[in-house]
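Numbering-wise, the numbering used here comes out as the position in the sequence shown, counting from 1, plus 901. The beta carbon of each residue, even a glycine, is placed where N, CA and C say it ideally should be.
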Amino acid sequence: MTETFKESNYLPFEKEIMEIDKQLHKLKIENAESSEIYSLHKRQVELLQKTYSELSAWQTVQVSRHPNRPILGDYLKDMVKEFSELHGDRCFGDDKAIVTGFGHIGMERVLIVGHKKGRDVKDKVECNFGCANPEGYRKALKNMKLAAKFGIPVVTLIDTPGAYPGIGAEQRGQAQAIAQNLMELARLRTPVISIVIGEGGSGGALGIGVGDSFAMLEYSYYSVISPEGCAAILWRDGSKAEEAAEELKLTADDLKKLGVIQDIIPEPLGGAHRDKYTAVYNVENFILRKLNELKYQNIDQLLEKRYKRITSIGQPSQFSPAGE
């Protein structure tokens, strides 16, 4: 059965790609000759390769926010077997914006911690669009400590525009909860793998983003603030978000050059939203490979390496002299 063609699935810079896809969709419905379809498909691939090899920082942000991009629920469904969710922080409540639970990736038992954004309007409102409250970070920490107690590795999947900045969140200690997680994750006695699968916004991302291995999907972003927020503060003009995105150096390529992240996980041609299953498969393979590297290492040596990696971020020795 041919999928329904929707113009709303295309980003502003994908107009040419949309026109080709529209023609392909029409030809498939009409059962046109395969030579026509092949010719158009070849043009589609060439255009996707060209477009996605030249993405600006702002376009990368747009891809990371695509409505069809795989979210936490897709990874739990297609990558994690026998997932058993753990609720509540034993202090205030159960924050729906952060999901935690034990499960298996391949043959490896892991604790999954991730931001839940939701897909439809009702789901998004329920989980606060992936913006976690303090109880979400405390729930994550409680269960990460439980995993460490039994020597179970932790995998965190980051996808948030930022921690929730509401009055209630501040009253319940948002900054303290995130700071506590940073400290505890730095010395958690079990392997920790963190991956940005979409948006990696500020302290909201950092709260579950400290570990032995830090990776980003190819078209995700990781930044101290959203481009819109940066533009509003620096230029008092939210329309300068595109300029802000360039200055923030928030893409996976930029951050790997700066030594902030270690690995970039490739996405399917045209972004994860065009081929969810390949995107999930790539993330699963990366996790299994990293777990195989980390699980046999002495835990004290692992903690020492983790500490050195964290404290080396931003050090002048990381950067090459100009022109090199």
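The residue among P1167, L1192, S1121 with its C-alpha nearest the C-alpha of H967 is S1121. A1132 is a Cβ neighbour of S1140, given a cutoff of 9 Å. Bounds of the alpha helix (DSSP H) holding S1103 are 1103 to 1107. Excluding the 5 residues flanking it on each side, C1028 has same chain C-beta neighbours closer than 8 Å at K997, A998, K1017, K1018, G1019, in chain order.
Taking the CA atoms as reference points, K1196 sits about 37 Å from A1146.
Beta-bridge annotation (DSSP): H1005 is paired with K982, R1010. Annotation for V1026: the continuous alpha helix (DSSP H) segment containing it runs 1022 to 1027. Counting every other CB atom within 10 Å of its CB across the protein chains shown gives R1175 a total of 16 or more, marking it as buried.
Under DSSP, V1097 takes part in a beta bridge, and its partners are I1059, M1117. Assignment of D1201 by DSSP, reduced to helix, strand and coil, places it in the helix class.
The continuous beta strand (DSSP E) containing I1165 extends over residues 1164 to 1166.
Here G1015 carries a strand assignment [DSSP, helix/strand/coil].
With 16 or more other CB atoms across the displayed protein chains lying within 10 angstroms of its CB, K1191 is buried.
L987 is bridged by DSSP to T1001.
For Q1081 against F1115, the beta-carbon gap comes to about 19 Å, at or over 8 Å, which does not count as contact. Listed in chain order, the non-local C-beta contacts of H1005 below 6 Å within the same chain comprise K982, E983, local neighbours out to five positions each way being set aside. Under the three-pair Cβ rule at 8 Å, the segment 1071 to 1078 does not count as touching the segment 1095 to 1103. Straight-line measurement puts the Cα of Q963 at about 13 Å from the Cα of G1171.
For Y911, the secondary structure class from DSSP, reduced to helix, strand or coil, is coil. One Cα belongs to S940, the other to K951, and the distance between them is close to 17 Å.
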